[in-house]
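Since the structure comes first, as structure tokens, the remarks are kept for the end.
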Amino acid sequence: MNVLVGVGSPNDSPAAIERTIQRAARVADELTVAICNPDADTDVSLAATVTETLEEHDITAATRHVSGQPGSELVDIAESEGFDEIVLAGGQTSPMGKITIDKTVEFVVLNAHTTVTLVR
1 MNVLVGVGSP NDSPAAIERT IQRAARVADE LTVAICNPDA DTDVSLAATV
51 TETLEEHDIT AATRHVSGQP GSELVDIAES EGFDEIVLAG GQTSPMGKIT
101 IDKTVEFVVL NAHTTVTLVR
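Just so you know, we're using the UniProt record's numbering here: the sequence shown kicks off at 1 and counts up by one.
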């Protein structure tokens, strides 16, 4: 399976990276990691986290930096390049037990024509 992993928040992204890479190691998924953060310092930090995690699991993956509106860019990349799945970190549980998601995740879930998996 060809999987696009969108990472952007230093708080949520390590979980998405780790779980997706572990799955890829088990089932031989092809990974592309899209770093979606306009902040240069965070962008470098996320890139380092991605590289370290890939090396730990001996997985090779393409890494790209996404600019502009991350949700829209992820959907466009997934459609134009034939990805089978988009994986995003997201979904916090509210005090009422409901899931809350940020605007980027919401956009991808509502507009992607491919499977979207949220990792918490």
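Backbone N, C-alpha and C fix where the C-beta goes; we use that ideal spot for every residue, glycine too.
In this structure, the CA atom of residue 96 is about 30 Å from the CA atom of residue 74. If you keep only unbroken beta strand (DSSP E) runs of at least 3 residues inside the stretch 26-54, you get 30-35. Shown here for residue 24: same chain residues with a beta carbon closer than 6 Å to its own, the five before and five after excluded, namely 31, 59 in chain order.
Residue environment for residue 84: exposed (fewer than 16 other C-beta atoms within 10 angstroms of its C-beta).
Here residue 78 is actually not in contact with residue 33; their C-beta atoms are around 13 Å apart, not less than 8 Å. When secondary structure is reduced to three states using DSSP, residue 78 falls in the helix class.
With fewer than 16 other beta carbons inside 10 angstroms of its own, residue 28 counts as exposed. Out of 35, 39, 50, 36, the CA that lies nearest to the CA of residue 19 is found in 50. Checking the DSSP bridge columns, you'll see residue 91 has no partner listed.
Sequence-distant Cβ neighbours of residue 21 in its own chain, meaning closer than 6 Å and more than five residues away, are 53, 57, 59.
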